[in-house]
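Worksheet: one structure, shown below.
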Amino acid sequence: SAVISQKPSRDICQRGTSLTIQCQVDSQVTMMFWYRQQPGQSLTLIATANQGSEATYESGFVIDKFPISRPNLTFSTLTVSNMSPEDSSIYLCSVDWTGRDYGYTFGSGTRLTVV
Amino acid sequence: DAKTTQPTSMDCAEGRAANLPCNHSTISGNEYVYWYRQIHSQGPQYIIHGLKNNETNEMASLIITEDRKSSTLILPHATLRDTAVYYCIVRATEAGTASKLTFGTGTRLQVTL
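Protein chains in written order, with our numbering: chain A, 10 to 124; chain B, 83 to 195.
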């Protein structure tokens, strides 16, 4: 299956600042996905990042708050902008390997605490 | 994608089989059943998926009813390391076509000594 490296693994940030999370995949993939998992909750999809086009955001998520870059087929970044304590969550990137019978692969996540 | 219903939590003794049920009564003919699990503080892990037939791999077995309205994930010999939240997800997919996963609340499986 794909190996995903996500950085940073955790961070504590001041409110009003921004954090950029990096996701590196060891193989080329067409689409990458960004999820948020709030404390004690399930995963919620933020957006789908397709190389060479604007990311597609799910309801409740906007580009100004969560800008995404996808410069090539192995890398993506998610920025959490103008953070507030409500943004404290685990953020995960993932890729879909369904076509190769490996299923969906997730990074280990970034645990963000906003103070 | 069709909605799934799972029990909130289950317990299983170590060494016994863990049978995790999932209802997906509105599943469409082209939708697959996927199972993932999330061990504490880690990203979700793919377990198994199937369309109509029962499936088995090194991790688990997936039993899908003939009408496809429900399924059961079976961990044949549960260990303490299988303690996790298990997610049953239904989605349409074709080989090589990426599509998003929608997570429900899952079943929290606690394996005990």
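Each residue gets a CB set at the ideal place from its N, CA and C atoms; glycine is no exception. Just so you know, these numbers come straight off a predicted model, no measurement behind them.
Is it buried or exposed, A/G69, if we count other Cβ atoms within 10 angstroms and call 16 or more buried?
exposed
Go through its chain and collect everything with a Cβ distance to B/C94's Cβ below 6 Å, but skip five positions before and after it.
A100, A160 and V193
Enclosing beta strand (DSSP E) for A/T122 [first to last residue]
T119 to V123
Amino acids of chain E, ordered along the chain, whose beta-carbon sits closer than 8 Å to that of A/G49:
Chain labels in this structure do not include chain E; the protein chains are A and B.
What first and last residue would you give for the beta strand (DSSP E) that runs through B/D93?
S91 to A95
8 Å Cβ cutoff, A/Q119 in contact with chain B:
The amino acid occupying residue 119 of chain A in the given sequence is Thr; Gln does not appear at that position. Not closer than 8 Å to any Cβ of chain B, the Cβ of A/T119 fails to qualify, so no.
So which residues of chain A does B/H122 contact, with C-beta pairs closer than 9 Å?
In chain order: nothing, as chain A lies at least about 11 Å away.
Mind listing the chain A neighbours of B/L144? Cutoff is C-beta to C-beta under 9 Å, in chain order.
By Cβ distance, chain A contributes nothing, its closest Cβ being about 12 Å from B/L144, past 9 Å.
Using a Cβ-Cβ cut-off of less than 7 Å, give me the residues of the segment 66–83 of chain A that come near chain B, in sequence order.
none
By the three-class DSSP mapping on this structure, what secondary structure does A/P80 have?
strand
Distance between beta carbons of B/D164 and B/L191, contact taken as under 8 Å:
So it is a contact: roughly 7 Å between Cβ atoms.
Determine whether the beta carbon atoms of A/T114 and A/V104 lie at a separation below 8 Å.
yes
How would you label A/D35, buried or exposed, when you count the other beta carbons within 10 angstroms and need 16 or more for buried?
exposed
Given that B/L183 touches chain A, what residues does it touch there, using C-beta distances under 9 Å?
F42, Y44, L52, L54, S103, D105 and Y113
Buried or exposed: where does B/Q88 fall if 16 or more other Cβ atoms within 10 Å of its Cβ makes it buried?
buried
For A/L101, which of A/S93, A/P94, A/S27 and A/S85 has the nearest alpha-carbon?
A/S85
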